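Residue numbers (UniProt numbering): 1 to 233. Yeah, the Cβ is synthetic: ideal placement off N, Cα and C, and Gly gets one too. Keep in mind it's a predicted model, so treat the numbers as computed, not measured. Read through the structure below, which is laid out as structure tokens, and then see the notes.
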Ligand SMILES: N[C@@H](CCC(=O)N[C@@H](CS)C(=O)NCC(=O)O)C(=O)O
């Protein structure tokens, strides 16, 4: 039995992280039996989650999890043409390397959102020391976002940039239920969790509103949630 190691669920997102949600979608698409266990991120090979446990072997990173499932016979992109496969790779990168950072920025940079996020994510830490510990983690994250670059833009500037990605996703969806047709593919497993993660931001932000107020995107998220977000009990 495969075991997906994850964070707890927060803000309606299974496993809290879009990369965990991606792995949940891929596992469900693969048809392999699997279970979920909560894990301490500090003890993971790359100090990140998700990690897939196969016997005693730990496979960190959702991309490696995808490769492992493909080695086991999963075909996430069956029937896609070469140009679809190229577009799929580009959508995955756009979601994971750009939209993802808007979600992190919305969640961790804004003081009002942070106040809510902190008390949910760090609820296990006793209140008197929660502020100090979570504050140190936040400082590290703020520095990382500044180095990455996204923290140098205003929220309105970010919304403009993220909006172009959202428009590309809508153009690709067109009238189709999923990005490349009637069935979900690997690109849906990467793109949708970034969108639903934005919707899960606990207070309105300029970027999250672009998703929340868009019927095409919210319908797409609802479809993916129904089809692939479940965790076997
Ligand atoms: N490239 C990794 C990214 C995973 C990732 O960034 N996980 C974050 C949560 S969204 C994490 O574990 N962060 C913990 C930390 O940085 O301390 C993947 O695809 O799995």
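Practice item. Please report how far the alpha carbon of residue 80 lies from the alpha carbon of residue 180, in whole angstroms. Key: Counting from 1 along the chain shown, the entry for residue 80 is found at position 80. Counting from 1 along the chain shown, the entry for residue 180 is found at position 180. Cα to Cα, the separation comes out at about 8 Å.
Point to revise | Length of the line joining the Cα atoms of residue 207 and residue 92 | key: Along the chain shown, one-based indexing puts residue 207 at 207. Along the chain shown, one-based indexing puts residue 92 at 92. Taking the straight line from one Cα to the other gives about 19 Å.
**Study point:** Backbone CA spacing between residue 50 and residue 14 [nearest angstrom]
**Key:** Position 50 of the chain shown, counted from the start, is the residue given in the question as residue 50. Position 14 of the chain shown, counted from the start, is the residue given in the question as residue 14. The C-alpha of residue 50 lies about 12 Å from the C-alpha of residue 14.
Check your understanding: Is the CB-CB distance between residue 3 and residue 35 below 8 Å?
Key -> Mapped onto the chain shown, residue 3 falls at position 3. Mapped onto the chain shown, residue 35 falls at position 35. Yes, these two residues count as a Cβ contact at 8 Å.
Exercise for review: Report all residues from its chain with a CB closer than 8 Å to the CB of residue 141; omit the five preceding and five following residues, and keep chain order.
Suggested key: Position 141 of the chain shown, counted from the start, is the residue given in the question as residue 141. Beyond the five residues adjoining it in sequence on each side, residue 141 comes within less than 8 Å, by CB distance, of 104, 108 in the same chain, given in chain order.
Review point. From residue 110 to residue 138, what distance separates their C-alpha atoms?
Key: Here the question's residue 110 lines up with position 110 in the chain shown. Here the question's residue 138 lines up with position 138 in the chain shown. Going from the Cα of residue 110 to the Cα of residue 138 covers about 11 Å.
**Study point:** Alpha-carbon to alpha-carbon, residue 1 and residue 170
**Key:** Numbered from its first residue, the chain shown carries residue 170 at position 170. Numbered from its first residue, the chain shown carries residue 1 at position 1. Straight-line Cα distance between these residues: approximately 37 Å.
Check your understanding: Hey, which residues come within less than 6 Å of ligand 1, measuring from Cβ to any heavy atom, in chain order?
Key -> 17, 19, 41, 47, 48, 49, 50, 61, 62, 63
Check your understanding: Which of the three DSSP states, helix, strand or coil, is assigned to residue 229?
Key -> One-based indexing of the chain shown puts residue 229 at position 229. In this structure, residue 229 counts as coil in the three-state DSSP scheme.
Point to revise | Between the CA atoms of residue 211 and residue 167 - distance to the nearest angstrom | key: Within the chain shown, residue 167 is the residue found at index 167, counting from 1. Within the chain shown, residue 211 is the residue found at index 211, counting from 1. Each residue's Cα considered, the two are about 10 Å apart.
Review point. Whose C-alpha, out of 122, 150, 192, is nearest the C-alpha of residue 20?
Key: Within the chain shown, numbered from 1, the residue matching residue 20 stands at position 20. When each option's Cα is compared against that of residue 20, the closest is 192.
Exercise for review: Hey, could you find the ends of the alpha helix (DSSP H) residue 132 is sitting in?
Suggested key: Indexing the chain shown from 1 puts residue 132 at position 132. First-last of the alpha helix (DSSP H) with residue 132: 127 to 148.
Review point. Who are the Cβ neighbours of residue 120 in its own chain at under 6 Å, not counting the five residues just before and after it?
Key: Position 120 of the chain shown, counted from the start, is the residue given in the question as residue 120. Around residue 120: 10.
Review point. Since residue 3 is in the beta strand (DSSP E), which residue starts that stretch and which ends it?
Key: Taking the first residue of the chain shown as position 1, residue 3 is located at position 3. It spans 2 to 6 - the beta strand (DSSP E) in which residue 3 sits, taken as one unbroken run.
**Study point:** Assigned secondary structure, residue 212 (DSSP; H/G/I helix, E/B strand, else coil)
**Key:** Within the chain shown, residue 212 is the residue found at index 212, counting from 1. When DSSP states are grouped into helix, strand and coil, residue 212 belongs to the helix group.
Practice item. Can you grab the Cα-Cα spacing for the pair residue 174 / residue 216, in whole Å? Key: The residue you call residue 174 lines up with position 174 of the chain shown. The residue you call residue 216 lines up with position 216 of the chain shown. Distance between the alpha carbons of residue 174 and residue 216: 9 Å.
Check your understanding: Relative to the C-alpha of residue 25, which residue among 82, 74, 134, 56 is closest?
Key -> The residue given as residue 25 occupies position 25 in the chain shown. Here the closest residue by C-alpha is 74.
Point to revise | CB contact flag (residue 64, residue 228, <8 Å) | key: Position 64 of the chain shown, counted from the start, is the residue given in the question as residue 64. Position 228 of the chain shown, counted from the start, is the residue given in the question as residue 228. Contact: no.
Check your understanding: In three-state DSSP terms, what is residue 169?
Key -> Translated into the one-based positions of the chain shown, residue 169 becomes position 169. Residue 169 falls in the helix class under three-state DSSP.
Exercise for review: Let me know if residue 226 comes out buried or exposed under the rule of 16 or more other beta-carbons within 10 Å of its beta-carbon.
Suggested key: If you number the chain shown from 1, residue 226 lands on position 226. Looking at its Cβ environment, which holds fewer than 16 other Cβ atoms inside 10 Å, residue 226 is exposed.
Practice item. Identify every residue that forms a DSSP beta bridge with residue 10. Key: Position 10 of the chain shown, counted from the first residue, corresponds to residue 10. 13.
Practice item. Identify the continuous beta strand (DSSP E) that holds residue 51 and give its terminal residues. Key: Here residue 51 is taken as the residue at index 51 of the chain shown, counted from 1. Start and end: 51 to 54.
Point to revise | Proximity to residue 117 [Cα-Cα], best of 69, 200, 33, 40 | key: The sequence position of residue 117 within the chain shown is 117, counting from 1. Nearest of 69, 200, 33, 40 to residue 117, Cα basis: 200.
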